[in-house]
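Working notes for the structure below.
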Amino acid sequence: MNENTIKIRLMKTDDFDAVVGIDEKVLKVSRPEYYEMKFERLFKSREYLPTSLVAEAKDGTVVGFVMGELYMGEFGIFQEQATLDTIGVDPYCQLKGIGAQLISEFMAHLRSLGVKKVNTLVDTKDSKLTHFFSANQFSPSKTINLERNL
Ligand SMILES: CC(C)(COP(=O)(O)OP(=O)(O)OC[C@H]1O[C@@H](n2cnc3c(N)ncnc32)[C@H](O)[C@@H]1OP(=O)(O)O)[C@@H](O)C(=O)NCCC(=O)NCCS
Numbered sequence: 010m011n012e013n014t015i016k017i018r019l020m021k022t023d024d025f026d027a028v029v030g031i032d033e034k035v036l037k038v039s040r041p042e043y044y045e046m047k048f049e050r051l052f053k054s055r056e057y058l059p060t061s062l063v064a065e066a067k068d069g070t071v072v073g074f075v076m077g078e079l080y081m082g083e084f085g086i087f088q089e090q091a092t093l094d095t096i097g098v099d100p101y102c103q104l105k106g107i108g109a110q111l112i113s114e115f116m117a118h119l120r121s122l123g124v125k126k127v128n129t130l131v132d133t134k135d136s137k138l139t140h141f142f143s144a145n146q147f148s149p150s151k152t153i154n155l156e157r158n159l
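Under the numbering used here, the sequence shown has 134 at position 125, and the numbering climbs by one with no breaks.
Below, the structure is given as C-alpha cells:
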C-alpha cells in the first residue's frame, strides 16, 4: 500500500466504527463516548463546519483519519482559526506517508474555506508525535498551555 492507492475523503457518519477501531488500536483503549460526542458535533450541530477526513484504501477500508473543528457559532460567524484534535493511522499502515497525506489534505481543505491558522496540542514528552507534526510544518505557538492541579 502506498499513497497512490489511498484516497482521502470527507468523513461520514458511517465511518464511526472504523474511526473508533483505529483509535483503539493506536491508543490501546476504547473511547466510543469521546467519538460519539465528536460525531454529534460534526454531523448534527450547525455550529461547526465539517472538516474531518478519512484515508480509504482501494478496497474501501478506512485506514486513517484526522478530526478537527471549525467553529462558526450559532450566528454563523466565520473564524480564521481551526483545530486539529485527533489523528490516527492503523498501525498496520503507518510509516507510509498516510499521516502526512491526511494533514496535507486537511490543510488544503481548511485553506479553501478561508482558515488562516490551525492549532493542535501535543504532549512535549511524545517525541515521535512532535517529530511528525514538525515534519508537517507545525511549529510551537507563541501561547503557553497553562494548567493547575485541583
Ligand atoms: C502520528 C501518526 C498519525 C503518523 O501516521 P503515519 O501514517 O505513520 O505518518 P507518516 O508515514 O506520514 O509519517 C511518519 C513519521 O511520523 C513519525 N511518527 C509519529 N508517531 C509515530 C508512531 N506512533 N509510530 C511510528 N512513527 C511515528 C515517524 O517518526 C515518521 O517520521 P519519519 O518519516 O521522519 O521517519 C501515526 O503514527 C499514529 O496514528 N500514531 C498514534 C496516534 C496518535 O498518537 N495520535 C495523536 C493523538 S491526536
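For glycine and all other residues, C-beta sits at the position ideal for the given N, C-alpha and C.
- [ ] Classify Gln90 as buried or exposed, calling it buried when 16 or more other Cβ atoms lie within 10 Å of its own Cβ.
- [x] exposed
Open item on the list: Run the Cβ filter for me: residues under 6 Å from any heavy atom of ligand 1, listed in the order they occur in the chain.
Closed with: Val35, Thr95, Ile96, Gly97, Val98, Gln103, Leu104, Lys105, Gly106, Ile107, Gly108, Ala109, Lys137, Leu138, His140, Phe141 and Ala144
Open item on the list: For Lys21, tell me which candidate among Tyr101, Glu65, Met81 and Asp132 has the shortest Cα-Cα distance.
Closed with: Glu65
Open item on the list: Going by beta-carbon coordinates alone, are Val72 and Ile31 separated by less than 9 Å?
Closed with: yes
Task: Which listed residue (Lys16, Gly69 and Lys151) has its alpha carbon closest to that of Ala27 - done: Gly69
TODO: Look up Lys137 in the DSSP assignment and say whether it is helix, strand or coil.
DONE: helix
Open item on the list: One question on the structure: do Leu62 and His118 come within less than 9 Å of each other, judged by their Cβ atoms?
Closed with: yes
Open item on the list: Quick check: what's the CA-CA separation for Ser54 versus Leu130?
Closed with: 23 Å
TODO: Classify Arg55 as helix, strand or coil using the three-state DSSP reduction.
DONE: coil
Task: Buried versus exposed call for Ile107 [16 or more other C-beta atoms within 10 Å across all chains shown] - done: buried
Task: Whole runs of the beta strand (DSSP E) within the segment 25–72, excluding any shorter than 3 residues - done: 62–65
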